[in-house]
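Asks: One structure coming up, written as structure tokens, with questions to follow.
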Amino acid sequence: MLASAGILGGCGADDLTDAEKAIVVSLSLSSLPALPADPTNRYADDPAAAALGATLFFDQRMSRDGAVSCATCHKIDRQFQDDLPLGKGAGTTNRRTMPLAGVAWGPWFFWDGRRDSLWAQALAPLEDPREHAGTRTFYAHFMKEAFGERYERIFGPLPDLSAVPADAGPLGTEAQRSAWAAMTPMQQEAVDRVFSNIGKAIAAFERSLAPEETRFDRFARALATGKVPGAGETLSAEEIAGLRLFIGKAACSTCHTGPRLTDDSFHNTGVPAVTGLPEDIGRAKGAMDVAADPFNCLGRFSDAGPDACGELRFTVRDASQLERAYKPPSLRGAATRPPYMHAGQFATLREVVDHYAAAPAAPSGLSELHPIELSERERQQLIAFLETLAN
Amino acid sequence: MKSVWLYALAVVGLMLAAFGAFVASPGASPPQAALDQSRTRTSAAGLYVASVEPQVAEIRQGELHAWILTVKTAGGSPLDDAVITVEGGMPDHNHGLPTAPEMTQSLGGGRYLVEGIKFSMTGWWELKFGISAPAGTDTVTFNLVL
């Protein structure tokens, strides 16, 4: 038994090549850069804005029926997601709720990157009839009534809303849209300003949601420093085998790369369409939506100049390249938050691994995947490795 | 006791087999090794000679950055006022560039600022510049392995 134990130990971290070790470290939290500044949000690092944002995030009054907050789908004790295939607010959306740890490190938001800042992202569900189902003037009035003093201490005086309709917005029902159209451009801009500041406060809070250290990170740190791994710093031979597949033959780290295990880009991986949902073309639509968003980096409510808007200015808009392309989610914590993919298509990690190995043709557009031969044992090893990113 | 030893032997055997599979695995082995990655190249039809110079000390995955493209005629004189287009992608993965870089400024002396370049994945990338000037339209392709 001693002999076999020795060999088991030998088939561990010591067998990783220097190149593999470098990749392992690049995937670990020790490689996470400092939280990037958000020049589009001058309140991004204002503690008072973050505190107000935290309050708003959990406040169900931020919805038409008084029953939906950001935390309804982004559950604090569930990695800020909801375990459902499709998010459920006032109605049912057609996408899986994304977790929030590390969200402020990425340049694009939502599965299709249809927003380019965290604050612009936070605004979209507020106006979506399937989520918070409110309107811009509804939120402006609510801020004045419920948080007027706190708001003004951060953002300055609230506008006079006495002549602003209670329930008007450019994206709502016909009645809400015509009430919005009847407002003066100055009233609209004043309301948009309050609305954008709500997003900026929520974003300031969400910037505090950093990825948590996992056993994989402790393993990588011990590996990088060359010290003898202590308790909670080791991976089993099975997990190391999975890690080597992840960065080698299975090529997962081609897209699930860097310390957040995402390349922040968009890829068609042939994920099946869901029967009964409207056609979903992914980034092909997301790229158009973000360009048209009045709250984008180049818009008047952004605090940044065009020089800070490179991601938006140089976004690919050629739909043929973007058909059914989606952002690779971080794999941190993924093992304990099924279901998977943008509409919860796969119930288990096993189904995910099987999909990537088989590399089926995409429902539309061109899948980037190539089939990979993975044995039963290798599939289990990959899953074992993914579990080290969730504990 | 015997079964324990048999089990241990089986474990050892499996570990050795797994190790063998690693060695045999193609992994990230680069068929790209043979690629011409030089930073100065002659255009496809020989009309121009182009050089590229990334404006960062090190090209990092996922980082938006700019390149300077320098274009000379086949005779070696700097070429200003050309129309420059930028394309590219990863031939191994059926996709183009993650961004749509553009020539945003002609800097004189045949030099052009190309902004919005990003390489989102490791592996083999192509960056193709279209060059249009009175001498004709031609393309030049640079390879890069990240």
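Chains as they are written, first to last, in my numbering: chain G, 3 to 393; chain H, -18 to 127. From the three backbone atoms N, C-alpha and C, an ideal C-beta is built for every residue, glycine too.
1) Can you tell which of G/Ala69, G/Gly346, G/Ile249, G/Val292 has the C-alpha that lies nearest to the C-alpha of alanine 21 of chain G?
2) Please report how far the alpha carbon of aspartate 114 of chain G lies from the alpha carbon of alanine 289 of chain G, in whole angstroms.
3) Which residues of chain B have a Cβ atom closer than 7 Å to the Cβ of leucine 58 of chain G, listed in chain order?
4) Taking only beta-carbon positions, decide if valine 318 of chain G is within less than 8 Å of chain H.
5) Identify which residue in G/Leu54, G/Thr74, G/Pro109 has its Cα closest to the Cα of arginine 313 of chain G.
6) Please say whether threonine 118 of chain H and phenylalanine 110 of chain H have beta carbons closer to each other than 8 Å?
7) Should arginine 285 of chain G be labelled buried (16 or more other beta-carbon atoms within 10 Å of its own) or exposed?
8) Short of 8 Å in beta carbon distance, which residues of its chain neighbour threonine 259 of chain G, apart from the five on each side in sequence? Order them along the chain.
9) Mapping the DSSP letters down to three states, classify asparagine 124 of chain H as helix, strand or coil.
10) Would you check if the segment 76 to 88 of chain G and the segment 98 to 112 of chain G touch, i.e. whether three or more CB-CB distances between them fall below 8 Å?
11) In three-state DSSP terms, what is arginine 209 of chain G?
12) Where glutamine 382 of chain G and arginine 41 of chain H are concerned, what is the direct C-alpha to C-alpha distance, given to the nearest angstrom?
13) Along the chain, where does the beta strand (DSSP E) containing tryptophan 110 of chain G start, and where does it finish?
14) According to a CB-to-CB cut-off of less than 8 Å, which residues of the segment 36 to 67 of chain H neighbour chain G?
15) At the level of alpha carbons, what is the spacing between tyrosine 141 of chain G and alanine 192 of chain G?
16) Of all the options G/Arg44, G/Leu18, G/Gly136, G/Ala52, which has the alpha carbon lying nearest to the alpha carbon of serine 71 of chain G?
17) Measuring only between beta-carbons, confirm whether glutamine 189 of chain G sits less than 8 Å from chain H.
18) What in chain G is Cβ-close to methionine 84 of chain H, meaning under 8 Å?
19) Buried or exposed for asparagine 393 of chain G, going by 16 or more other Cβ atoms inside 10 Å?
20) Have a look at leucine 391 of chain G and glycine 27 of chain H and give me their C-alpha separation to the nearest angstrom.
21) Measure the CB-CB distance between glycine 104 of chain H and aspartate 61 of chain H and report whether it falls below 8 Å.
22) Please go through the same chain and pick out, in chain order, the residues whose beta-carbon is closer than 8 Å to the beta-carbon of glycine 70 of chain H, but skip the five residues on each side of it.
23) Roughly how many angstroms lie between the CA atoms of leucine 18 of chain G and isoleucine 385 of chain G, to the nearest whole one?
24) Near proline 365 of chain G, which residues of its chain fall below 7 Å by C-beta distance, leaving aside the five closest residues on each side in sequence?
25) Across the segment 346 to 362 of chain G and the segment 147 to 154 of chain G, are there enough close Cβ pairs to call them in contact, namely three or more that are closer than 8 Å?
26) Identify, in the order they occur along the chain, each residue of the same chain with its Cβ nearer than 6 Å to the Cβ of tyrosine 45 of chain G, setting aside the five sequence neighbours on each side.
27) Would a check of beta-carbon distances place serine 304 of chain G closer than 8 Å to chain H?
28) Would you say arginine 315 of chain G lies against chain H (beta-carbon separation less than 8 Å)?
29) Extract the residue ranges of the alpha helix (DSSP H) inside the segment 65 to 89 of chain G, only unbroken runs of 4 or more that lie entirely within it.
30) Nearest-angstrom Cα distance between alanine 360 of chain G and isoleucine 374 of chain G?
31) Please tell me whether leucine 351 of chain G has its Cβ less than 8 Å away from any Cβ of chain H.
32) Does aspartate 265 of chain G have its Cβ less than 8 Å from a Cβ in chain H?
33) Which residues of the segment 358 to 377 of chain G have a Cβ closer than 8 Å to any Cβ of chain H? Give them in chain order.
34) How big is the Cα-Cα spacing for glutamate 380 of chain G and proline 330 of chain G?
35) Please name the residue in G/Leu368, G/Asp295, G/Gln347 whose C-alpha comes closest to that of leucine 88 of chain G.
36) Measuring CA to CA, which of G/Arg220, G/Asp84, G/Glu176 is closest to leucine 31 of chain G?
Replies: Let's see:
1) G/Ile249
2) 8 Å
3) No chain B appears in this structure, whose protein chains are G and H.
4) yes
5) Looking at the sequence provided, one finds glutamate at residue 313 of chain G rather than arginine. Closest by alpha carbon: G/Pro109.
6) Contact: no.
7) buried
8) Ser28, Leu29, Asp265
9) strand
10) yes
11) If DSSP states are grouped into helix, strand and coil, arginine 209 of chain G belongs with coil.
12) 32 Å
13) That residue, tryptophan 110 of chain G, is in no beta strand (DSSP E); it is neither H nor E in DSSP.
14) Gln42, Gly43, Leu45
15) 12 Å
16) G/Gly136
17) no
18) Under the 8 Å cutoff, chain G gives no residues; its nearest Cβ is about 12 Å from methionine 84 of chain H.
19) exposed
20) 51 Å
21) no
22) His76, Gly77, Leu78, Trp106, Glu107
23) If you take the alpha carbons of leucine 18 of chain G and isoleucine 385 of chain G, they lie about 19 Å apart.
24) For proline 365 of chain G, the CB contacts under 7 Å within the same chain, skipping 5 residues up- and downstream, are Pro274, Ala275, Arg326 in chain order.
25) no
26) Ala51, Lys202, Ala206
27) no
28) yes
29) 72 to 75
30) 7 Å
31) no
32) yes
33) Leu368, Ser369, Glu370
34) 22 Å
35) G/Gln347
36) G/Arg220
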